[in-house]
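A.B. asks: First the structure, then my questions, so here it is.
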Amino acid sequence: MFEGIASGLGTALAPFNLLMVTLGCFAGTFIGLLPGLGPISAVALMIPLTYGLDPASGMILMAGVYYGAVFGGSTSSILINAPGTASTVATSFDGYPLAQSGQAGRALALAAYASFCGGTIGAIALLVAAPLLAQVALGFQSPDYFALMVLGLTAITAMAGRGQMLQAALMAVLGLMLGTVGADATSGLPRFTFGRLDLIDGFSFLLLAMATFALAEVVGSVLAGKHRNNPLLPGEQGSGSSVAPVNAALGSMRLTAAEVREVAPVIGRSSVLGFLVGVLPGVGATLASFIAYGVERNLAPQALRARFGKGSLRGLAAPEAANNAASTGSFVPLLTLGIPGSGTTAIMLGALVAYGIQPGPRLFVDHPEVFWSVIVSMYVGNLVLLLLNLPLIPYLARLLRVPTQLLVPMVILFCVVGVYLVSFNTVDIQIMVVIALVALLLKGLGFPMAPVLLGFILGGYLEDNLQRALILYDGSVRFLWERPASLGIMGVTLLFLLWPMLERWRGINR
Amino acid sequence: MNFLVKNLFLFGLVLLCCAPVAAAVERLHLLIPGGAGGGWDSTARGVGRALTDANLIEVVSFQNMSGAGGAKAVSHMIETAEQNQHVLMVNSTPIVARSLMPVFQQSWRDLTPVAAVIGDYGIVAVRSDSSFTTLEDLFAQLKVAPRDVKIAGGSNRGGLDHLIAAAMFRAAGLPAADARYVAYDAGGKALLALLSGETPVMTATVGDAMAMVHAGKVRILAIAAPKRLPELPQVPTFTELGYPLTFINWRGFFGVPGLADEAQKELAELLLRMSTTPEWEAVRARHGWVNNFVVGSEFTKYLETQEQITGELMRELGFIQ
Numbered sequence: 036m037f038e039g040i041a042s043g044l045g046t047a048l049a050p051f052n053l054l055m056v057t058l059g060c061f062a063g064t065f066i067g068l069l070p071g072l073g074p075i076s077a078v079a080l081m082i083p084l085t086y087g088l089d090p091a092s093g094m095i096l097m098a099g100v101y102y103g104a105v106f107g108g109s110t111s112s113i114l115i116n117a118p119g120t121a122s123t124v125a126t127s128f129d130g131y132p133l134a135q136s137g138q139a140g141r142a143l144a145l146a147a148y149a150s151f152c153g154g155t156i157g158a159i160a161l162l163v164a165a166p167l168l169a170q171v172a173l174g175f176q177s178p179d180y181f182a183l184m185v186l187g188l189t190a191i192t193a194m195a196g197r198g199q200m201l202q203a204a205l206m207a208v209l210g211l212m213l214g215t216v217g218a219d220a221t222s223g224l225p226r227f228t229f230g231r232l233d234l235i236d237g238f239s240f241l242l243l244a245m246a247t248f249a250l251a252e253v254v255g256s257v258l259a260g261k262h263r264n265n266p267l268l269p270g271e272q273g274s275g276s277s278v279a280p281v282n283a284a285l286g287s288m289r290l291t292a293a294e295v296r297e298v299a300p301v302i303g304r305s306s307v308l309g310f311l312v313g314v315l316p317g318v319g320a321t322l323a324s325f326i327a328y329g330v331e332r333n334l335a336p337q338a339l340r341a342r343f344g345k346g347s348l349r350g351l352a353a354p355e356a357a358n359n360a361a362s363t364g365s366f367v368p369l370l371t372l373g374i375p376g377s378g379t380t381a382i383m384l385g386a387l388v389a390y391g392i393q394p395g396p397r398l399f400v401d402h403p404e405v406f407w408s409v410i411v412s413m414y415v416g417n418l419v420l421l422l423l424n425l426p427l428i429p430y431l432a433r434l435l436r437v438p439t440q441l442l443v444p445m446v447i448l449f450c451v452v453g454v455y456l457v458s459f460n461t462v463d464i465q466i467m468v469v470i471a472l473v474a475l476l477l478k479g480l481g482f483p484m485a486p487v488l489l490g491f492i493l494g495g496y497l498e499d500n501l502q503r504a505l506i507l508y509d510g511s512v513r514f515l516w517e518r519p520a521s522l523g524i525m526g527v528t529l530l531f532l533l534w535p536m537l538e539r540w541r542g543i544n545r
Numbered sequence: 527m528n529f530l531v532k533n534l535f536l537f538g539l540v541l542l543c544c545a546p547v548a549a550a551v552e553r554l555h556l557l558i559p560g561g562a563g564g565g566w567d568s569t570a571r572g573v574g575r576a577l578t579d580a581n582l583i584e585v586v587s588f589q590n591m592s593g594a595g596g597a598k599a600v601s602h603m604i605e606t607a608e609q610n611q612h613v614l615m616v617n618s619t620p621i622v623a624r625s626l627m628p629v630f631q632q633s634w635r636d637l638t639p640v641a642a643v644i645g646d647y648g649i650v651a652v653r654s655d656s657s658f659t660t661l662e663d664l665f666a667q668l669k670v671a672p673r674d675v676k677i678a679g680g681s682n683r684g685g686l687d688h689l690i691a692a693a694m695f696r697a698a699g700l701p702a703a704d705a706r707y708v709a710y711d712a713g714g715k716a717l718l719a720l721l722s723g724e725t726p727v728m729t730a731t732v733g734d735a736m737a738m739v740h741a742g743k744v745r746i747l748a749i750a751a752p753k754r755l756p757e758l759p760q761v762p763t764f765t766e767l768g769y770p771l772t773f774i775n776w777r778g779f780f781g782v783p784g785l786a787d788e789a790q791k792e793l794a795e796l797l798l799r800m801s802t803t804p805e806w807e808a809v810r811a812r813h814g815w816v817n818n819f820v821v822g823s824e825f826t827k828y829l830e831t832q833e834q835i836t837g838e839l840m841r842e843l844g845f846i847q
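Residue numbers (our numbering), protein chains in the order written: chain L, 36 to 545; chain R, 527 to 847.
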């Protein structure tokens, strides 16, 4: 194994491959920044390029693009509340409020540090235990995935403010309902499509995210008249001198020692949690980010808990560390079992197969150079990404200095173009506008939007796995107590739900 | 100036060299009804690459158009038929089953079948430590308690892998509707279910299981091919075990509706010529594909037979009346 790591280091650190990973990170960051383009499109764009490269270089390039795009996606979540991929939805919960309060630079820097730590911890775990971890993926069955999705849904308690529990739960149900539109995954029969082919794939995640987050946000801010008194734009435009101090604060990336001490354990916990969830094929990064967010809110001291959703550093660090660790974790089933854990790794699998390399249990025997260099390049990629992006952050943060009059149309344009690029179908744009208007109304009535996305994202997996579990157990729900893993996860879920009550009870008894 | 002249000269030379090789078809646009990285995508890109590498054609362009499980690309072909005479759409066996479903208005009959190029045979597989060591073992169990044997597959109900399971039940003399089929969203996920012990049996096509067979984790009980595959000499066919069953997932190409006979012939010719080139052989070997070249009217007949068999299975499963 050490020979393998050494040869992997040799391959990954070869000048050409270093160039590839740097180029990949750079291109990925920029592609990921655009709200319509996530890691999947970014990696897919690289396929033609990899034909001319040898397998190791090709995979290293793709891995670089993957990390870059994940980080770029976080940036658009934080700056304009437009999560381009499901795994960065949780990032926007606290990242966007932070950016709105003039701390965009700090938010981006924290996201970069958390991503780096998450990715690095993930890469080390992968290096040490990849073949072993494949067993974890093999130990999970449909009932356990179902239980895991239920656990993920409890994250809505973290999204609901004081006294908002009912509203949040209702919105999660709305999300679950929206998730049922389209062809049923088990039977393939269309539901709620009204005979229209446009609806048979269901709503795309991006459409819903743009409608409920980005569009609802910018239209809401215009309606509220925020563009007239933008706090970041005091006085007349062009009077650069008065803007400068605000500008400096916006781009500042400084975190105090106390803050670092506060988020370090959060990042550590979330990385490990994220990696473990990421190893499970299917939902990885998204579920990991939601669970990490929920866990950290429950673990936070009472006083800090109220900050979640309003710009908590913990609330930003947790999902960022978790989603990156999970992205790394999703390479475990790909490299050791040949089973892609996410849409992005599925594309990489396709590329590997095109090289004549079939990932599977024999990959690190038959093609050790590919296996080890990809793993080592993850570590290198995370480092390159950090070095590349830290200097960029002040400039990225300045995006918020763009006058609202320009920023709002830009965000709208990106939403429309992004959604169109997913399906090349104008009907999707119309649906997005309708959903955005409904979302605006609901927001005005005090309903939170995050649970809608949570319900929508987890709903599909929840239903598929429940259906499978029911077929496997002949229509009985006895899997909930017969499978130890399901039972354990459901136990944790109950604990999560009862936690606030337990705390109150403890408080009374004290 | 000299530089320009030289380049122009070279360009002319290249054109001259290509002229005799590049036949009537000069450019080809391949429409892929699914996303990047899938089976359709790799087939189209592999064929495109072999065509250009072998100098059979100058330019091949690709377009991914996913949506509604491929139905969107079919509609696109129908709507833009007139200006798209040089467009071929890649597709595979599921288009036959989908054409039978009342939900989808379009059928493969709306398009012009040009050629099938590769094929992947249906299999039934178990874990290597399974108590089912032969197909007979499995069938014996199925006859006693068919509903206790859950079968994993990487397509939804009524999809390819479910049809393979149904065909297997029929071959065993059991009602196809008794098959307890569990649908997973991709072949890989179904394989994972098999390996994790979620289901004891899986139906798939050879390509899905190859890596795990080589790794010794999965055993194929039987293959629905006319004769044993050279890559899997130890795997018996259903037919030689006394159950006449063949099931192939072909991948091939369709032209726009009403494509002129000549154009259809030219395109089929082009693909046939490609099939014997070393460039195609390289692509084929790299992906582990099995050649299955069927062109023109023969391809149409092939599709009609498959439609009849698929229709019977789907009627028995209750998907169509």
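All C-beta atoms in this analysis are idealised placements derived from N, C-alpha and C, irrespective of residue type, glycine included.
All values derive from a computational prediction rather than experimental measurement.
Any Cβ of chain R within less than 9 angstroms of the Cβ of T221/L?
C.D. replies: Closer than 9 angstroms: yes.
A.B. asks: Show which residues of chain R have a CB atom less than 8 angstroms away from the CB atom of F175/L.
C.D. replies: S722, listed in chain order.
A.B. asks: Nearest CA to the CA of T379/L: which residue from L537/L, L58/L, G67/L?
C.D. replies: Selected option, being the one with the closest Cα: G67/L.
A.B. asks: Just to make sure I have the definition right: I need the residues of chain L whose C-beta is within less than 9 angstroms of the C-beta of D711/R. Which are they?
C.D. replies: Going along chain L in sequence order, the residues near D711/R (Cβ under 9 angstroms) are A220, G317, D499.
A.B. asks: Is M615/R close to chain L, meaning its C-beta is less than 9 angstroms from at least one C-beta of that chain?
C.D. replies: Chain L, which has no Cβ nearer than 9 angstroms to the Cβ of M615/R, makes this no.
A.B. asks: Do you know offhand how far R397/L's Cα is from G481/L's?
C.D. replies: Roughly 54 angstroms separates the two Cα atoms.
A.B. asks: Would you tell me roughly how many angstroms separate the C-alpha atoms of E294/L and A327/L, rounded to the nearest one?
C.D. replies: Using only the alpha carbons, I get a separation of about 19 angstroms.
A.B. asks: Can R624/R and G593/R be called in contact, C-beta distance under 9 angstroms?
C.D. replies: The answer is no: Cβ separation not under 9 angstroms.
A.B. asks: Output the distance between the C-alpha atoms of F588/R and G154/L, rounded to the nearest integer angstrom.
C.D. replies: Spanning the two alpha carbons is a distance of roughly 34 angstroms.
A.B. asks: Report back the beta-carbon spacing between F773/R and A750/R to the nearest angstrom; my notes put them in contact at under 8 angstroms.
C.D. replies: Yes, they are in contact, since the Cβ atoms of F773/R and A750/R sit about 4 angstroms apart, within 8 angstroms.
A.B. asks: I'd like to know whether the C-beta of V105/L is nearer than 9 angstroms to at least one C-beta of chain R.
C.D. replies: It does not; no Cβ of chain R falls within 9 angstroms.
A.B. asks: Using 8 angstroms as the Cβ pair cut-off and three pairs as the minimum, do the region 120–137 of chain L and the region 85–96 of chain L touch?
C.D. replies: With the cut-off at 8 angstroms, the region 120–137 of chain L and the region 85–96 of chain L do not touch.
A.B. asks: For chain R, check one thing: does any of its Cβ atoms lie closer than 9 angstroms to the Cβ of A182/L?
C.D. replies: No, its Cβ sits nowhere closer than 9 angstroms to a Cβ of chain R.
A.B. asks: In the region 497–521 of chain L, which residues sit with their C-beta less than 9 angstroms from some C-beta in chain R, listed in chain order?
C.D. replies: Cβ contacts with chain R: D499, Q502, R503, I506, L507, D509.
A.B. asks: Please identify the residue among D711/R, G723/R, A693/R, A786/R whose C-alpha is closest to the C-alpha of Q849/R.
C.D. replies: Residue coverage of chain R in this structure runs from 527 to 847, which leaves residue 849/R outside it and unanswerable.
A.B. asks: Would you give the residue range spanned by the alpha helix (DSSP H) that K669/R belongs to?
C.D. replies: 661–670 is the extent of the alpha helix (DSSP H) around K669/R.
A.B. asks: Could you tell me whether any Cβ in chain R is nearer than 9 angstroms to the Cβ of L68/L?
C.D. replies: So, not an interface residue.
A.B. asks: Taking 9 angstroms as the threshold (C-beta atoms), are Y414/L and I159/L in contact?
C.D. replies: In this structure, Y414/L lies closer than 9 angstroms to I159/L by Cβ.
A.B. asks: Taking the continuous alpha helix (DSSP H) assigned at G844/R, which residues delimit it?
C.D. replies: That residue, G844/R, is in no alpha helix (DSSP H); it is neither H nor E in DSSP.
A.B. asks: What is the residue span of the beta strand (DSSP E) that N817/R lies within?
C.D. replies: Segment 816–821, the beta strand (DSSP E) holding N817/R.
A.B. asks: Against chain L, with Cβ distances strictly below 9 angstroms, would V629/R count as a contact?
C.D. replies: Yes, contact with chain L.
A.B. asks: Thinking A193/L and R332/L are a contact (beta carbons under 8 angstroms), I'd like their distance in whole angstroms, please.
C.D. replies: Rounded, the Cβ-Cβ distance is 4 angstroms, consistent with contact.
A.B. asks: Just curious, the beta strand (DSSP E) that N417/L is in, first and last residue?
C.D. replies: Premise fails: N417/L lies in the alpha helix (DSSP H), 403–424, not in any beta strand (DSSP E).
A.B. asks: Which chain L residues are close to V573/R, counting only those with a beta carbon under 8 angstroms from its beta carbon?
C.D. replies: None at all; the shortest Cβ gap to chain L is about 13 angstroms.
A.B. asks: In this structure, what does DSSP give as the bridge partners for Y707/R?
C.D. replies: Beta-bridge pairing links Y707/R to I677/R.
A.B. asks: Does the beta carbon of N682/R come closer than 9 angstroms to any beta carbon on chain L?
C.D. replies: Yes - at least one Cβ of chain L is within 9 angstroms of the one on N682/R.
A.B. asks: Counting C-beta neighbours from all protein chains within 10 Å, is the total for A41/L 16 or more, i.e. buried, or is it exposed?
C.D. replies: It counts as exposed.
A.B. asks: May I ask which residues mark the beginning and end of the beta strand (DSSP E) holding P526/R?
C.D. replies: The requested residue 526/R does not occur in the structure, where chain R is confined to residues 527 to 847.
A.B. asks: Tell me, which residues are paired with M615/R by DSSP?
C.D. replies: According to DSSP, M615/R bridges with L557/R, F780/R.
A.B. asks: Under three-state DSSP, which class holds G217/L?
C.D. replies: In this structure, G217/L counts as strand in the three-state DSSP scheme.
A.B. asks: Applying the criterion that 16 or more other CB atoms from any shown protein chain within 10 Å of the CB defines a buried residue, is K669/R buried or exposed?
C.D. replies: Exposed, because fewer than 16 other Cβ atoms sit within 10 Å of the Cβ of K669/R.
A.B. asks: List the residues of chain L that V715/R touches, going by C-beta distances under 8 angstroms, in chain order.
C.D. replies: According to the sequence shown, residue 715/R is Lys rather than Val. Neighbours of K715/R on chain L, chain order: P316, G317, I374.
A.B. asks: Which class does Q176/L belong to by DSSP, given the choice of helix, strand or coil?
C.D. replies: Coil, per DSSP.
A.B. asks: How many angstroms separate the CA atom of P336/L from the CA atom of L209/L?
C.D. replies: So the two alpha carbons sit approximately 31 angstroms from each other.
A.B. asks: Measure the alpha-carbon distance for Q631/R versus S122/L and round it to whole angstroms.
C.D. replies: Rounded to the nearest angstrom, the two C-alpha atoms are 36 angstroms apart.
A.B. asks: Considering M383/L, what are the terminal residues of the alpha helix (DSSP H) in which it resides?
C.D. replies: 378–389 is the span of the alpha helix (DSSP H), which, as asked, contains M383/L.
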